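Under the numbering used here, the first residue of the sequence shown is numbered 131, with each subsequent residue one higher. Below you'll find the structure, written out as structure tokens, and then a few comments.
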Amino acid sequence: MRIVCIGGGPAGLTFALLMKKLDPGHDVTVVERNRPYDTFGWGVVFSDATMAHLRRWDEETAGAIEAAFAHWDDIVLEFKGRSIRSGGHGFVGIGRKRLLNILQARCESLGVRLEFDREVRGDAEFPDADLIVASDGVNSVVRQKYADVFQPDIVTRPNRFIWLGTRKLYDAFTFVFERTEHGWFQAHIYKFDAETSTFIVECPEHVWLAHRLDKLDADASVAFCEQVFARHLQGARLMTNARHLRGSAWLAFQRIKCAQWWVGADRRQSGHAPVVLMGDAVHTAHFAIGSGTKLALEDAIELANQFKQAGDAPADLPALLDRYQAIRSVEVLRLQNAAWNAMEWFEVCGTRYCDPLEPEQFMYSLLTRSQRISHENLRLRDAGWLEGYERWFAQHGGDTSTGVATPPMFTPFRMRSVTLKNRVIVSPMAQYSAIDGVVGDYHLVHLGARAMGGAALVMCEMTCVSADARITKGCPGLYTDAQGEAWARIVDWVHTHSDAHIGMQLGHAGAKGATHLGWEGIDQPLDSGGWPLISASAQQYLPGVSDWSRAMTRADMDRVLHDFVACTRRAAAAGFDWLELHCAHGYLLSSFISPLTNKREDAYGGSLENRLRYPLEVFAAVRAAWPQQLPMSVRISTHDWVEGGITPADAVQIARAFKAAGADMIDCSSGQVSKDEKPVYGRMYQTPFADRVRNEAGIATIAVGAISEADHVNSIIAAGRADLCAVARPHLANPAWTLTEAARIGWKAVNWPAPYRSAKPQLEAIFERGRAMGGQA
Ligand SMILES: Cc1cc2nc3c(=O)[nH]c(=O)nc-3n(C[C@H](O)[C@H](O)[C@H](O)COP(=O)(O)OP(=O)(O)OC[C@H]3O[C@@H](n4cnc5c(N)ncnc54)[C@H](O)[C@@H]3O)c2cc1C
Ligand SMILES: Cc1cc2nc3c(=O)[nH]c(=O)nc-3n(C[C@H](O)[C@H](O)[C@H](O)COP(=O)(O)O)c2cc1C
């Protein structure tokens, strides 16, 4: 085969040498615009797994690369005058030049033709080729030429960065954060040979512009960075090898994805050989996760592997290229997702984390930024550091009693006069089992069992402020004294028989009322016996299906506000410890907040400030009626998942407004406002919203949604992404979820109900055996 690789970066060179090695009869050429020793960049980072992979394919190349590696284990954070070190992270780095030279030398020794100093304008320059590999990097001309087939999806990110080097040697992967008068800068630093470290400087675009860095050339930018990081450089200089670039040497990361990775199935029809994309030309991963070179090498290995599998004469080249794309695109997507989280962390850290977080917690947040490394992963990497952090967290979380390393999930949390024993809430879950709004034995058993199961706070389901505020006929209420007394029986039971607290969630169904019980047809309107619906504006929740609601008048607003206050008084009289106002999920108060459901033209519609006016009036009246010493949270939909709906940025504004009105916490749910929603589910999928609200609005938050393991709770709480975690469905499967999770992670200092205690050592022993065998029981 005649193979041409356009671009002699890691992808093109590796593929060329592997193909030549596979069959010396192949005629392989790499065409590169640069001269052999002339390249951009400093060092790149790999993981051990990538090297093992390469070794299986070419021992010599892997050996040469490994001999040139700089290894390190530690990550160091330099922040607010502190230096914090954690170990066990295992990286290897190599100079990009060195890497390319090793690959070039290996290509030459195998007989690959290397053509340097040649700028390729397109694949038409190689009419005799049987296969053209477009390994021409992030600005690939070949990708642009066939953009209609490849369908590249390119997102340019807001941060700016500059890739520099320094002779100062760092013995760890070092992150330095420095504040300037216009905002924070961060440096990502790692040694890659005996004399040199890579020193990438990054900042948000607005900071970059405020410092007029767009006007500075490479040398002036270097001088600027030396000044910002002078304390750390201690006289060492920064270096650039981007002087040849015209204009600014600063870059904005472009995330590239392609729907199709190759083109030209039929040469007679297309007039050219198949062209296949590889490496940065087809996908990019942000340097925050350090894997662009790994992906490029692994693409090359996989395509070579497909040729190896196909034997001497790959008859069906299109099928082979399809398989290459199918295999690689899954792995690439996985990595891009993880890189995305890490990249976003660095984009927002200056506004979200740098100021509120102390260095210890900032370090934890930094280490877990991709959400691929959890609390228990950190323990495997550096148990000593993690225990130190757990001790620090326990003390700073207000538990002054001990110097014991406590899993963050099991640290107490205080709000007003209430001290929760740990960070777990049974999230409110409608049971549709009340009769005329009165809770009965079902609720006593259901809530009582969960109160005994280890969670600190059991939140009751949405309880309605009037008969016509109910979602279904099975929903509980607090609008009669009999309902209040029925709730008091449950509250008393929980207080007498458990050390859990119990919370009331008050709500009004609005346009989502008068429907069937959850299991008889969720959101489906009652055939008979329903009631008139009200909401911010007239609407049908399910278009063409739901009953129409009518827009509330001022008189309706006064009545509903009065109902909320009356129910609040009954909740206080019943002895509840905590009150949550339900302003989420498209129900009445939520219908005011979201622009999708609020089309009013009076003072309660239009701007977010106007849309919040009525929910805030209700909040203020409820807060005034609720005992001062007891906490109040507000549940909001932090994301409508619909174009034009509430976004997480709006959620920060909403949280600020409730905070100013006296809310203690924001319970960060999302969605259920419109049936057009397109939520992106995944583990802990709403936690980023709780994180954003907490650290931007400066109010305590509750994270909820697909939090299903102690490891999730520990990671969320320890990183300061939320203060409490609400767990819903896992509590339906297992009322003693918290006690079970404690045993699973080997945490014994939890209080079991006295009559159940004989089960505790047994459960702990089962999990202990599972851990000893290297797995989960
Ligand atoms: C600041 C920064 C830090 C990074 N850090 C890391 C890291 O730590 N670890 C890591 O794995 N990755 C890192 N990367 C990413 C890494 O550099 C790339 O992902 C990797 O080099 C991709 O390899 P490639 O062969 O696909 O493309 P490239 O390395 O970009 O190679 C493409 C080659 O094609 C040549 N070329 C382009 N157009 C033409 C043309 N028309 N004619 C002829 N030749 C052409 C170019 O000169 C270049 O040599 C970093 C990137 C940046 C910007
Ligand atoms: C059966 C059921 C009923 C629910 N009822 C309520 C409710 O009354 N009030 C509320 O705010 N959320 C309600 N939710 C949402 C949960 O509180 C929680 O936000 C959601 O299930 C995501 O958490 P999970 O992934 O832990 O289940 C309900 C969820 C379920 C599964």
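Idealized CB from N, CA, C, for every residue including glycine. Only a predicted model underlies this, so the values are computations on that prediction, with no experimental measurement involved.
| Under 8 Å between the Cβ atoms of P883 and S628? | For P883 and S628, yes; Cβs fall inside 8 Å.
| request: State the Cα-Cα distance for the pair H625 and W771, rounded to the nearest angstrom. | output: Each residue's Cα considered, the two are about 39 Å apart.
| Can you tell me whether DSSP reads C697 as helix, strand or coil? | Helix, per DSSP.
| query | Is the distance from the Cβ of N289 to the Cβ of P334 below 8 Å? | reply | Against a cut-off of 8 Å, the Cβ pair of P334 and N289 comes out as a contact.
| Heavy atom of ligand 2 less than 7 Å from the Cβ of I796, yes or no? | Answer for I796: no, Cβ out of range of ligand 2.
| message | Residues in the same chain with beta-carbon distance under 6 Å from S547, minus the five sequence neighbours each way, listed in chain order, please. | response | Excluding positions up to five away in sequence, the list reads Q759.
| query | If you measure from the CB of S216, is any heavy atom of ligand 2 nearer than 7 Å? | reply | Result no, Cβ not under 7 Å from ligand 2.
| request: Give a yes or no on whether the C-beta atoms belonging to V352 and L368 are separated by under 8 Å. | output: Taking 8 Å as the cut-off, the beta carbon of V352 is found closer than this to the beta carbon of L368.
| query | So is K321 buried or exposed if we call it buried at 16+ other beta carbons inside 10 Å? | reply | With 16 or more Cβ atoms within 10 Å of its Cβ, K321 is classed as buried.
| Start and end of the beta strand (DSSP E) containing R385? | R385 -> beta strand (DSSP E) spans Q384 to C388.
| task | Express the C-alpha separation of H631 and V843 in angstroms, rounding to a whole number. | result | A direct Cα-to-Cα measurement between V843 and H631 gives close to 19 Å.
| task | Give the DSSP bridge partners of P912, in chain order. | result | Past the boundaries of the shown model lies residue 912; the chain is included only from 131 to 907, so the question cannot be answered.
| query | How long is the line joining the alpha carbons of P818 and M762, rounded to whole angstroms? | reply | In this structure, the straight-line span from the alpha carbon of P818 to that of M762 is close to 22 Å.
| query | ligand 1 heavy atoms versus the CB of G422: any closer than 7 Å? | reply | At least one heavy atom of ligand 1 is nearer than 7 Å to the Cβ of G422, so yes.
| field | For A704 and A579, believed in contact at Cβ under 8 Å, the rounded distance | value | About 19 Å separates the two Cβ atoms, so there is no contact after all.
| query | Just checking my contact of E255 with E162 at CB under 8 Å: how many whole Å lie between their CB atoms? | reply | The Cβ separation is near 14 Å, so there is no contact.
| How far does the alpha helix (DSSP H) with K890 in it reach, from first residue to last? | Element bounds for K890: A889 to A902.
| Limits of the beta strand (DSSP E) - the one that F307 falls within | That run of the beta strand (DSSP E) goes F303 to T310.
| Regarding L381 and ligand 1, is the C-beta to nearest heavy atom distance less than 7 Å? | Distances taken from the Cβ of L381 to the heavy atoms of ligand 1 include one shorter than 7 Å.
| query | Going by alpha carbons, who is nearest to Q384 out of E332, A340, T286 and V412? | reply | Out of E332, A340, T286 and V412, T286 has the C-alpha closest to the C-alpha of Q384.
| field | Assigned exposure category for Y572 - 16 Cβ within 10 Å defines buried | value | Y572 comes out exposed.
| query | Taking DSSP as the reference, what is the three-state secondary structure of K321? | reply | In the displayed model, K321 falls within a strand according to three-state DSSP.
| request: Pull up the distance between the alpha-carbon of Q906 and that of E474, whole angstroms please. | output: Interpretation of Q906 is limited by its pLDDT of 47, a score under 50 that renders its predicted location unreliable; the figure taken from the coordinates is listed afterwards. Cα-Cα distance, rounded: 32 Å.
| query | In the stretch 509-553, which residue ranges form an unbroken beta strand (DSSP E) of at least 3 residues, counting only runs that do not cross its ends? | reply | As far as the stretch 509-553 is concerned, its whole beta strand (DSSP E) runs of at least 3 residues are 543-545 and 548-550.
| task | Flag M814 as yes when its Cβ comes closer than 7 Å to any non-hydrogen atom of ligand 2, and as no otherwise. | result | Not under cutoff, so the answer is no.
| field | Interface flag, S667 vs chain B, CB-CB below 8 Å | value | Absent from the structure: chain B. Only one protein chain is present.
| query | Cβ of E591 versus every heavy atom of ligand 2: is any distance shorter than 7 Å? | reply | Proximity of the beta carbon of E591 to ligand 2 is indicated: a heavy atom of the ligand is located closer than 7 Å.
| field | Reduced DSSP secondary structure (H/G/I, E/B, other) of A907 | value | Summary for A907: the model assigns pLDDT 45, below 50, so the residue's position carries little reliability, and this model does not support an answer.
| task | Pick out the complete alpha helix (DSSP H) segments inside the stretch 643-727, 4 residues or longer, and give them in chain order. | result | Complete alpha helix (DSSP H) runs here, min 4: 648-651, 684-704 and 718-723.
| Would you say S265 touches ligand 4, meaning its beta carbon is less than 7 Å from a heavy atom? | Within the structure as shown, ligand 4 is missing, the only ligands being ligand 1 and ligand 2.
| query | Excluding the five sequence neighbours on either side, which residues of its own chain have a C-beta within less than 6 Å of the C-beta of I330, listed in chain order? | reply | The residues are F291, W293 and H318.
| task | Sort R600, A733 and G217 by Cα distance to L510 and report the nearest one. | result | Of the residues R600, A733 and G217, the one whose Cα lies closest to the Cα of L510 is G217.
| request: Compute every distance between the C-beta of N289 and the non-hydrogen atoms of ligand 1, then say whether any falls below 7 Å. | output: No, the beta carbon of N289 sits no closer than 7 Å to any heavy atom of ligand 1.
| request: Below 7 Å CB to CB, which residues in the same chain sit around A430 once its five sequence neighbours on both sides are set aside? | output: Taking C-beta separations shorter than 7 Å and ignoring five residues to either side along the sequence, the partners of A430 in its chain run A141, T144, F145, L148 and M408, following chain order.
| message | Using C-beta distances below 7 Å, list every residue in its chain close to T777, excluding the 5 sequence neighbours before and after it, in chain order. | response | The beta carbon of T777 sits closer than 7 Å to those of H769, all from its chain and outside the five residues before and after it, given in chain order.
| request: Express the C-alpha separation of A668 and R499 in angstroms, rounding to a whole number. | output: Our two residues, R499 and A668, have alpha carbons roughly 43 Å apart in a direct line.
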